[in-house]
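Each remark here refers to the structure printed beneath this line.
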Amino acid sequence: MSLPASDLTKQPDLRTTMDLGPVLPETAEVRDGRLFVGGVDLTELARREGTALYVFDEAHLRHRMQAYVEAFRSQYPASDIIYASKAFLNKAVVRIVEEEGLCLDVSGGGELACALSVDYPAARVFVHGNNKTPRELEEAISAGAGRIVVDSFDELARVSRIAGEHGVVQDIYLRITPGVEADTHEYIKTGCEDSKFGFTMKGDLALTAVARALETPNVRLAGLHCHIGSQIFKLDPFAEAANVMVAFLARIRDEVGATLEELDLGGGLGIAYLADDEPASVQEFADMLCGAVKAACEAHAFPLPRLLVEPGRSLVANAGMTLYTVGTIKELPGIRTFVAVDGGMSDNIRTALYHADYEPTLANKADQPRTKIVTLCGKHCESGDAVVLDMPLQETEVDDIVCVFGTGAYNQTMASNYNGQPRPGVAFVRDGEARMVTRRETYEDLYARDL
Ligand SMILES: Cc1ncc(COP(=O)(O)O)c(C=O)c1O
130 MSLPASDLTK QPDLRTTMDL GPVLPETAEV RDGRLFVGGV DLTELARREG
180 TALYVFDEAH LRHRMQAYVE AFRSQYPASD IIYASKAFLN KAVVRIVEEE
230 GLCLDVSGGG ELACALSVDY PAARVFVHGN NKTPRELEEA ISAGAGRIVV
280 DSFDELARVS RIAGEHGVVQ DIYLRITPGV EADTHEYIKT GCEDSKFGFT
330 MKGDLALTAV ARALETPNVR LAGLHCHIGS QIFKLDPFAE AANVMVAFLA
380 RIRDEVGATL EELDLGGGLG IAYLADDEPA SVQEFADMLC GAVKAACEAH
430 AFPLPRLLVE PGRSLVANAG MTLYTVGTIK ELPGIRTFVA VDGGMSDNIR
480 TALYHADYEP TLANKADQPR TKIVTLCGKH CESGDAVVLD MPLQETEVDD
530 IVCVFGTGAY NQTMASNYNG QPRPGVAFVR DGEARMVTRR ETYEDLYARD
580 L
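Converting from the sequence shown to the working numbering requires adding 129 to each position, the first position being numbered 1.
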């Protein structure tokens, strides 16, 4: 794994921090040259709490959740927003999810345990995963999880058995791959036919699964689920998926004689990682999806189902950022400039994994133009270890505080301890105050499991 060659012709765009528009958390501002979020001086926060540090703008987070609920409920009253906790999870965010009236998607026993530990109502939990273990299913069913999204025939039998042992009838969805190609990175496409997720419609496998589920004891087939991928900018594939799924609901009614009442269309709305990115707004997404479901239902004379969506990234990514301290600066003439920070692929794997884009700034020089193209590399023993590739940054010195925007999703939850790196703490900032909601890992934590 190595870095792509640096583009030496790339010119800095000289924008200052507040020109970065859509990547900024809502309360970002610059005071006396320093970046503040939630009224908190990020330079001071970094120096006080240590780096690397994940920081979340709590107002931004809550407003995004409220925007989703409002955009859907105002035009589709029988709708619910499910937060996909794989994007970012700790107890604090689960509490906020509950306070803002969202449901919760978990993809494993550990995520469920987090939710239950803060008394999040199990009935509002949706359990995902293509290979939930018997133990995870047992935990979900005994906790009273609202819906289990069944992904295979093996799992259908397993859920039936475990529910039977508990003397309950478990509400389930079936995950369907609608055969829709989303315009996004290969690694995060999930709706196409050749996918490990769900039942394909090819060869009527999905229809067979529906018929099987309907006659399986101890489960109630409440609805269908699909998820076509992540970081999707064009809205058409969502409408296409909605059409395919409603047409399938109608076919189930016509051919199997069952009218399923719930339709979960997954997550996937893209967000701005770069200042010039123009993702669709939550309102546009809701308009498109609700419109498509209503139109398809009308075309098939199918009663409007309860509609659910499962956003992760688009709820949390731009609320979050990562702070680092600059440790070394290495100018390789005619090759590139490396600015090394005290984190890297251990707290943000997305760049090493698929060369993800991010906008960085120096929190302590936030009013200065970003005049130099640099690569922010990490401290790990991999050549491909980088956080930001070839992006403009202010004139940088050792001990400056770097803020990388848009790291709120799929950073903290994908973090590792590579090279014995303790995972960063998480701070929520709001109304001039910072509260640590997850403490930084200690060396003792790292080896606490060793026998
Ligand atoms: C089943 C399911 N639902 C929802 C999501 C959330 O997607 P996003 O973060 O793109 O909104 C994912 C992400 O992979 C997923 O697999």
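Beta carbons are placed, not taken as given, at the ideal position from N, Cα and C, and that holds for glycine.
Asked	Found
LEU436 to CYS419, Cα distance in whole Å?	8 Å
Specify the secondary structure class of GLU229 as computed by DSSP and reduced to three states.	coil
Which of helix, strand or coil does DSSP assign to SER208?	strand
In this structure, does DSSP put LYS215 in helix, strand or coil?	coil
Do VAL256 and ARG276 have their beta-carbon atoms positioned less than 9 Å apart in this structure?	yes
By Cβ distance below 8 Å, which residues in the same chain neighbour VAL198 in space, the five residues on each side in sequence not counted?	ILE210, GLU229, GLY230, LEU231
Using the DSSP secondary-structure output, state which residues sit across from LYS82 in a beta bridge.	Since the first residue of the chain shown is 130 and the last is 580, residue 82 is not available in this structure.
Within 10 Å of its beta-carbon, does LYS139 have 16 or more other beta-carbons around it, so buried, or fewer, so exposed?	exposed
Report the residue from GLY441, ASP406, VAL470 whose alpha carbon sits nearest the alpha carbon of ASP486.	ASP406
Work out the CA separation of SER246 and GLY238 for me, nearest whole Å.	12 Å
Quick test of the definition: if touching needs 3 or more C-beta pairs under 8 Å, does the segment 399-417 touch the segment 426-435?	no
Please state whether the Cβ-Cβ distance between LEU403 and LEU353 is less than 9 Å.	no
Thinking C-alpha only, which one of LEU433, ASN259, ALA269 is nearest ARG253?	ALA269
So, at 7 Å on beta carbons, what are the nonlocal neighbours of ALA213 in its own chain, with the 5 sequence-adjacent residues on each side left out?	ASP234, GLY396, GLU439, PRO440, GLY441
Beta-carbon separation of THR421 and ALA368 under 9 Å?	According to the sequence shown, residue 421 is Ala rather than Thr. Yes, Cβ-Cβ distance for ALA421 and ALA368 is below 9 Å.
Contact defined as beta carbons within less than 8 Å: I believe THR525 pairs with LEU143. What is the distance between those atoms, to the nearest angstrom?	Actually they do not touch by this definition, with Cβ atoms about 15 Å apart.
Can you check the segment 152-192 for any alpha helix (DSSP H) of at least 4 residues that lies completely inside it and give the ranges in chain order?	171-178
Is it buried or exposed, ILE361, if we count other Cβ atoms within 10 angstroms and call 16 or more buried?	buried
Looking at the secondary structure, which residues open and close the alpha helix (DSSP H) in which ILE270 lies?	263-272
DSSP three-state call for LEU588: helix, strand or coil?	The question about residue 588 has no answer, for the chain in this structure spans 130 to 580.
Are the beta-carbon atoms of ASN540 and ASN477 separated by less than 9 Å?	yes
Can you find the residues in the same chain that come closer than 7 Å, C-beta to C-beta, to ASP83, ignoring five residues on each side of it along the sequence?	Any answer about residue 83 is impossible in this case: the structure gives the chain only from 130 up to 580.
Checking the sheet assignment: what are the DSSP bridge partners for VAL254?	LEU233
Rounding to the nearest angstrom, what Cα-Cα distance links VAL527 and VAL223 in this structure?	37 Å
Please state the DSSP three-state secondary structure of THR329.	strand
At a threshold of 8 Å, does GLY535 count as lining ligand 1 (C-beta to nearest heavy atom)?	no
Is it buried or exposed, ARG564, if we count other Cβ atoms within 10 angstroms and call 16 or more buried?	exposed
Does any heavy atom of ligand 1 sit closer than 8 Å to the C-beta of VAL278?	yes
Among all the DSSP beta bridges, which residues are the ones paired with ARG276?	PHE255
Assuming contact is defined by CB atoms lying nearer than 9 Å, are VAL445 and ALA221 in contact in what I supplied?	no
Hey, quick one: how far does the alpha helix (DSSP H) through ARG569 stretch, first residue to last?	It is not in any alpha helix (DSSP H) - ARG569 carries neither H nor E in the DSSP assignment.
Mind checking whether ARG264 and ASP280 have CB atoms under 9 Å apart?	no
Can you tell me whether CYS243 is buried or exposed, with buried defined as 16 or more other CB within 10 angstroms of its CB?	buried
For ligand 1, is there any heavy atom lying closer than 8 Å to the beta carbon of GLN360?	yes
With burial defined as no fewer than 16 other Cβ atoms inside 10 Å of the residue's Cβ, what is the status of GLU187: buried or exposed?	buried
Does the distance between the C-beta of ARG253 and the nearest non-hydrogen atom of ligand 1 fall short of 8 Å?	no
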